[in-house]
Structure formats: C-alpha cells, structure tokens
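The next block holds one structure in the form of structure tokens; read it before the comments.
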Amino acid sequence: MKNTWTAIFYLVIGLILIAAGLYVYFVAHVIYPNSDSSRVQDMNWLLRYLGKTGVTILFSSIGLIYIILGIRKLIK
C-alpha cells in the first residue's frame with residue numbers, strides 16, 4: 084500500500100513539474116530586472132542563461148523522471 088501512495092505522489096509531482104514548465108514557456112517568460120524578490124531574481128537568472136525553452140526543458144525533464152519513477156513503482 085505504501086508503494087502505491089509513493090507512486091501516486093511521484094506521478095502528481097511529475098505532472099506539476101511539467102505544468103510548471105509549460106507555464107514558464109507560455110506565461111512567465113518575462114524578465115523583471117528591478118525586482119527585489121529573490122524568487123524573481125532566480126527565475127530571471129534561469130531565463131537569462133537558459134532561455135524560456137531551456138527552462139521549460141529543465142522543468143519538464145525533471146517531471147518526466149518523476150513520472151517514470153512513479154510508473155515503475157506502480158508496476159512493482
């Protein structure tokens with residue numbers, strides 16, 4: 084039973100990460116240079132060095148890894 088809940092947790096986290104990647108690609112790809120928020124500055128850094136496609140690939144690939152782990156746990 085514990086493996087089933089862990090698998091479901093991995094699947095949900097994977098879907099959230101893929102959704103976050105798509106959100107960055109379609110909505111949150113604007114760089115705000117004068118923001119005092121550390122989260123916005125971190126996102127600006129990612130967007131500046133990786134671009135919106137790179138950030139989307141980064142988030143989505145991590146999400147895909149979690150989905151694969153969740154499926155493997157469900158099968159076992």
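So for the sequence shown, our numbering puts the first residue at 84; every next one is plus one. Think of the CB as a built atom: it goes at the ideal place given N, C-alpha and C, for glycine as much as any other residue.
Other residues of its chain near residue i: CB distance less than 7 Å, five sequence neighbours each side excluded
i	result
I114	N127, L130, R131
H112	L130, K135
V123	Y115
Rounded straight-line distance, which links the Cα of residue j to that of residue i
i	j	result
I150	K159	14 Å
W88	P116	42 Å
D119	M84	45 Å
L133	A90	31 Å
N160	T136	This structure leaves residue 160 out entirely; the chain is present only between 84 and 159.
K156	S121	36 Å
L105	S143	8 Å
C-beta atoms of residue i and residue j nearer than 8 Å
i	j	result
G153	L100	no
V138	V110	no
L147	G97	yes
For residue i, the three-state DSSP class (helix, strand or coil)
i	result
A111	coil
S144	helix
Proximal residues to residue i (C-beta, below 6 Å), its chain only, five neighbours per side dropped
i	result
I145	L100
Own chain residues within Cβ distance below 8 Å of residue i, not counting five before or after
i	result
A103	F142, G146
F92	G153
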